[in-house]
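Chains as they are written, first to last, in my numbering: chain F, 757 to 1414; chain C, 270 to 445. Below: one structure, written as structure tokens.
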Amino acid sequence: MITEIGHFALILAFVVAVAQSGLGFVGAAKHHNGAMASSIMAAVVQFILLLGAFFVLMRAYIVSDFSVINVFANSHTAKPLLYKIAGVWGNHEGSMLLWVVILALFGAAVATFGKSLPAPLKSRVVAVHGTLGALFLIFILIASNPFLRQSPVPENGQDLNPLLQDPGLAFHPPLLYLGYVGLSTTFAFALAALIDGKVDAAWARWVRPWTLAAWICLTTGIALGSWWAYYELGWGGFWFWDPVENASLMPWLAATALLHSAIVAEKRDALKGWTVLLALLAFSFSLLGTFLVRSGVLTSVHAFATDPTRGIFILAILLVVIGGAFSFYAVRAPNLRGGGLFAPISREGALVLNNLLISVLAVTVLVGTLYPLFIDALSAAKISVGPPYFLSVTLPLAVPLIILMGLGPLMPWKRADLAGVAGRLKFAGLATIAVALGLGLYMRLPLLPILGFVFATWLASAVVTDLVQRSYRPGNSIGATLLKALSLPRATWGMALAHGGLAICLAGIAGAGLQTEVLTRLAPGQEFLLDGRRLVFEGVTSVAGPNYTAQRGQFRWIDSAGKTKGLLTPEKRQYPVAKTATTEAAIRSDVLGDTYVVLGEPDSAGAWSIRAYRNPLAPWIWGGALIMAAGGLLSLSDRRWRIGAPRKVSIPATAKIG
Amino acid sequence: MRWLYFIPVMIFLAVAGIAGYFLLSGENPQALPSTLIDQNVPATDLALLGDPSRLTATSFATGKITLVNFFASWCLPCRAEHPQLMSLSKQQDVSLTGIAWKDKTEDAQSFLQELGNPFSRVALDTSGRTGIDWGVYGVPETFIIDGMGKIRYRHVGPIMPQDMERIQAVLRKLQP
């Protein structure tokens, strides 16, 4: 009965989404206040209905209602509660439902929080959300309904893939979806602006916080996914250039470019057509990411949830949404006239270059991801594009991008003096050269890690230089300088954190190139050395988990004084219901890196094969990404998004529409 | 200059067209029949793990059915299909050959040490070239080769428990 209520709420949400779309567009075109208000109300109602449907499905998982086919196929009574809940979105139907719930969440958020938006713009944005919601709800109702029942009711379920049964992965999809779907708001703003035929500073200012919110979720989601791959796959890699990973990287790059181009649109009234294009592109990449990969067109490491039968339906939706938006762009965008002219050497010039580099980066990732598909279509040959391609094409783009990231923030708007900027960065330059010489001549590291550390140093010291120059005035004491630094706008600190986080992440990636690996076979009681660390293998015991049994090895890490520094307990788990085994690496993290131990197979003599890694600076990769996200959050909390200009500009805007 | 604005939609339509071609032609990669079906094994010359001899096309014409599995230590679905390969390795009617694709020797070795080795021989395709000759789209991918050295069946993606029936049917059909 409760399940049917959820099913009904889903159908009702579709009807409401259609109304939301129709009333919003018509109301905005005819300046009908009642229709526009109803559309905004519909956005909230649609979200409540979908949230209800989602909780009903979650309940079915929690109480293990196996009359629901979706629960039967993806859950089991022996599963811990957390993974029963995570199981809701661990499968195609459930993840689609989560997708529309989040879409409706953003629609409702614009409806609720967009108080300063001019009414027609707001109702058009909400109407675009309604249209998207309606399209995907038809798809769910017809082709991927999570509420279908079966009879007779089976006694138990078929479990979740044990590899996916992990806290990192349980929360990775919702965060990534928040990011992907969050870009729908930016997309809606872009379409509304094209309909309006007007992109101005106020529009750019409204778009930025929404983009920023989505960007924060994407950054965190990508970091979480890469962290999961790192500790679950058991060999210490963290990025595989897999289609699914690329699918999350492309919208992230587009959103990053958009964040920067929107600044130019806001401050200099330029790059309008380009900013609108990026806004459309970012969400299109998200759609490609979620659907092209899931439809089974591309096979991948993550290809558990593929289903070719739904492909056509999804492709039709993509044609309508992306094809429609780009066609509309082709017709309307030429009418958007740019305002200010600008000199190539200036803050905006640097941002244009930054945009070009990031966009080319996104396109190379797209080409690398789709290339196997094109080759397959054009000839009979099948190929796969691997890390060597991505490394060789992204590196030459990343290097100038990072150099520019150091220079850009120190440049003034309109016209900058390159020699002056270079002069202000002389300490950063000296630090960079010192690091390069130290690592190359003294420590004799390989080339790629040196490159990583050198550019991380450059970026970090440029960020510090920028902060110092903004807060230090000759003659001021250190205390006064610190006080001034603390009173800098949050957006300034946000940028510094985001750029600094990237520098830390870069150093972490460079550190991964210095991995030490030990492969050995040990009997209990024996020990081995890993990059100077003494690890004693104390034996293997059998343990039972909630829905698995495991063999747990114990390693004691002993320092030079003979004191225990820690215990590492890698496991090999067997999941009887899914008939699958997984390896759980034991990871001990400190500031300078990870000690990473994986338990292998025993031999007949009772010795175990053991694999251990020392991954220098590995935690910096995810730490850096989190700092970037924190920078985004700080910038989002800047009061200028909430007060000031939006209100100032919205008065003439509403007055004009009157 | 107006035509410039049509570039995004053109690119998208091209991508969508190709994706549509795949979906409509029913050629979804999961069930993609190989153009090599009923052909001889393509020219192959790979080093074997722990064996001085090499794996060549003639190594398959042994009179016994061979199941060739392309795998890699970095590949997640390979771990998922591993229990099925282990159970196939206990069967008398088929011998399993593993080809470690785009993988380091040590990594492939420890992958098998860790999960168990279902293969009677393991070849190393470090560059991935042989995989291209075989038409491998990604790992895991599995080929069944009859006793005459002809490819008779191709399975793309992991062999999950529900695929075993199909694999067993192919094996039964090929029994001399």
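All residues carry an ideal CB built from backbone N, CA and C; glycine is no exception.
Which of the three DSSP states is assigned to residue i in this structure?
i: Phe388(C); result: coil
i: Glu1022(F); result: helix
i: Asp307(C); result: coil
i: Tyr1304(F); result: coil
i: Val439(C); result: helix
i: Ser1227(F); result: helix
i: Lys373(C); result: coil
i: Ile858(F); result: helix
i: Gln444(C); result: coil
i: Ala899(F); result: helix
i: Trp1313(F); result: strand
i: Leu316(C); result: Residue 316(C) is actually Ala in this sequence, not Leu. Strand, per DSSP.
i: Asp922(F); result: coil
i: Ser1056(F); result: Its pLDDT being 39, under 50, Ser1056(F) is placed unreliably by the model, and nothing is read from it.
i: Leu1324(F); result: strand
i: Arg1200(F); result: coil
i: Met279(C); result: helix
i: Tyr817(F); result: helix
i: Glu911(F); result: coil
i: Tyr1369(F); result: strand
For the alpha helix (DSSP H) holding residue i, just list the boundary residues, first then last.
i: Asn830(F); result: Ile825 to Asn830
i: Ala1386(F); result: Ala1374 to Leu1392
i: Lys1182(F); result: Lys1182 to Leu1193
i: Phe1039(F); result: Lys1028 to Leu1043
i: His763(F); result: Ile758 to Lys786
i: Ile428(C); result: It is not in any alpha helix (DSSP H) - Ile428(C) carries neither H nor E in the DSSP assignment.
i: Leu1074(F); result: Gly1067 to Leu1074
i: Phe1146(F); result: Pro1143 to Leu1163
i: Gly1252(F); result: It is worth fixing the name first, because residue 1252(F) is Ala in this sequence and not Gly. Counting along the chain, the alpha helix (DSSP H) containing Ala1252(F) begins and ends at Arg1246 to Ala1268.
If you draw a straight line from the C-alpha of residue i to the C-alpha of residue j, how long is it?
i: Leu974(F); j: Leu897(F); result: 28 Å
i: Leu1223(F); j: Leu1160(F); result: 17 Å
i: Leu796(F); j: Leu861(F); result: A small fix is needed here, since residue 796(F) is Ile in this sequence, not Leu. Whole-angstrom Cα-Cα distance: 13 Å.
i: Pro1245(F); j: Ala949(F); result: 29 Å
i: Ile972(F); j: Leu317(C); result: 48 Å
i: Ala791(F); j: Gly1267(F); result: 58 Å
i: Met1167(F); j: Ile276(C); result: 33 Å
i: Ser1102(F); j: Asn1111(F); result: 14 Å
i: Arg1290(F); j: Leu1270(F); result: 19 Å
i: Lys840(F); j: Tyr817(F); result: 6 Å
i: Phe1426(F); j: His787(F); result: Nothing about residue 1426(F) can be reported from this structure: the residues present for chain F run from 757 to 1414 only.
i: Tyr987(F); j: Val278(C); result: 40 Å
i: Ile767(F); j: Gly889(F); result: 12 Å
i: Ile1070(F); j: Ser851(F); result: 14 Å
i: Lys1441(F); j: Ile1068(F); result: Here chain F comprises residues numbered 757 to 1414, so residue 1441(F) is not present and cannot be evaluated.
i: Ile283(C); j: Ile1114(F); result: The sequence as given places Ala at residue 283(C); Ile does not occur at that position. Distance between the alpha carbons of Ala283(C) and Ile1114(F): 22 Å.
i: Val1108(F); j: Leu1037(F); result: 17 Å
i: Gly953(F); j: Thr1012(F); result: 24 Å
i: Thr325(C); j: Ala312(C); result: 7 Å
i: Ala728(F); j: Ile1343(F); result: Since the first residue of chain F shown is 757 and the last is 1414, residue 728(F) is not available in this structure.
i: Ile280(C); j: Gln1225(F); result: 45 Å
Taking 7 Å as the cut-off, does the CB of residue i come closer than this to any heavy atom belonging to the ligand SAH?
i: Ile306(C); result: No copy of the ligand SAH occurs in the structure displayed, which carries no ligand at all.
Can you name the start and end residues of the beta strand (DSSP E) that residue i belongs to?
i: Tyr1352(F); result: Gly1349 to Pro1358
i: Ala1342(F); result: Ala1342 to Asp1346
i: Thr1272(F); result: Thr1272 to Leu1278
i: Gln1330(F); result: Glu1327 to Tyr1331
i: Ile1078(F); result: First-last for Ile1078(F): undefined, no H or E at that position.
i: Ser364(C); result: Val363 to Trp370
i: Leu1286(F); result: Glu1283 to Leu1286
i: Thr411(C); result: Glu410 to Ile414
Which residues, in chain order, does the segment 1362-1377 of chain F contribute to contact with chain C at a C-beta distance below 7 Å?
Near chain C, meaning a CB-to-CB distance below 7 Å, the residues of the segment 1362-1377 of chain F are Ser1365 and Arg1367.
Could you tell me which uninterrupted beta strand (DSSP E) segments, each at least 3 residues in length, are contained entirely in the segment 322-347 of chain C, listed from first to last along the chain?
The qualifying runs are 334-340.
Return the residues of the segment 1141-1159 of chain F that lie within a Cβ-Cβ distance of less than 8 Å from chain C, sorted by chain order.
For the segment 1141-1159 of chain F, which is checked against every Cβ of chain C, the residues closer than 8 Å are Gly1142.
Listed from N- to C-terminal order along the chain, which residues in the segment 1072-1084 of chain F have their beta-carbon within a distance smaller than 8 Å of any beta-carbon of chain C?
Residues passing the 8 Å Cβ filter: Leu1074, Leu1075, Ile1078, Gly1079, Phe1082 and Ser1083.
Contact list for the segment 1274-1298 of chain F against chain C, Cβ threshold 7 Å:
Considering only beta carbons, the part of the segment 1274-1298 of chain F lying closer than 7 Å to chain C consists of Leu1275, in chain order.
Using a Cβ-Cβ cut-off of less than 9 Å, give me the residues of the segment 411-436 of chain C that come near chain F, in sequence order.
From the segment 411-436 of chain C, only Val425, Gly426, Pro427 and Pro430 have a Cβ closer than 9 Å to chain F.
Would you list, in chain order, the members of the segment 273-285 of chain C that have their beta-carbon closer than 8 Å to a beta-carbon of chain F?
When C-beta distances to chain F are compared with 8 Å, the residues of the segment 273-285 of chain C below that value are Tyr274, Phe275, Pro277, Val278, Phe281, Leu282, Val284 and Ala285, in chain order.
In chain order, which continuous runs of the alpha helix (DSSP H) of length 4 or greater are located wholly inside the segment 942-1001 of chain F?
Those alpha helix (DSSP H) runs which fall completely within the segment 942-1001 of chain F and span 4+ residues are 957-988.
Residues of the segment 354-379 of chain C in Cβ contact with chain F at a cutoff of 7 Å, in chain order, please.
So the list reads Lys371, Glu375, Asp376 and Ser379, given in the order they occur along the chain.
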